[in-house]
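Numbering (my numbering), first residue to last: 1118 to 1288. Where a beta carbon is used, it is the ideal one built from N, C-alpha and C, also for glycine. All remarks here apply to the structure that follows.
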DNA sequence: CAGACGATGCACT
DNA sequence: GTGCATCGTCTGG
């Protein structure tokens, strides 16, 4: 949280400050895509940490995750929202919008703005194409709550949001 | 191969 | 608050 996601896309470089994520942890988490075991879709979750997991949902949206935990233990962090930083024009163009409001305010909207699809599934996040960047900010205060769109295991408060007002101009 | 449904977003009431 | 677009993925036969 408070770190930046950077993507050197064919259409230009983009970056955004991460302000909302959710955790999906292991076979025991009924909301985790990997709960039923490895499939073609969730395969990358069972691999080593530090890779992108991007899936297609509702016939029209993509969602970006960061694979975490040791190889063989499927877990990932879903990126739910961010604040635009670099490459605003590219994001707007990708989204077909002219307004910044809500541009990255949801996992589907984020991927649309960044131009991420399954073509970027399984990327090495320690590479130079799609990666996280620590820009030296102080750790933001984080609030936790139940995950969105998850009915099972609602007791697990694994949604995390930066508290307080937006830092930059975006949002 | 057919059928069900989803870690969403948007229009509308 | 409710309805629904739209299709990949998974399940079961």
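Between the C-alpha atoms of residue 1278 and residue 1122 there is a straight-line separation of about 16 angstroms. In the three-state reduction of the DSSP assignment, residue 1232 falls in the coil class. Excluding its 5 nearest sequence neighbours in each direction, residue 1160 has no C-beta neighbour in its own chain below 6 angstroms. Non-local C-beta neighbours of residue 1195 in its own chain, meaning closer than 7 angstroms and more than five positions away in sequence, comprise 1138, 1139, 1141, 1180, 1182, 1224, ordered along the chain. Of the residues 1197, 1202, 1230, the one whose Cα lies closest to the Cα of residue 1210 is 1230. It is roughly 6 angstroms from the alpha-carbon of residue 1275 to the alpha-carbon of residue 1262.
For residue 1191, the closest alpha carbon among the candidates 1145, 1217, 1171, 1178 is that of 1145. In this structure, residue 1169 and residue 1237 form a Cβ contact; the two beta carbons are roughly 6 angstroms apart against a cut-off of 8 angstroms.
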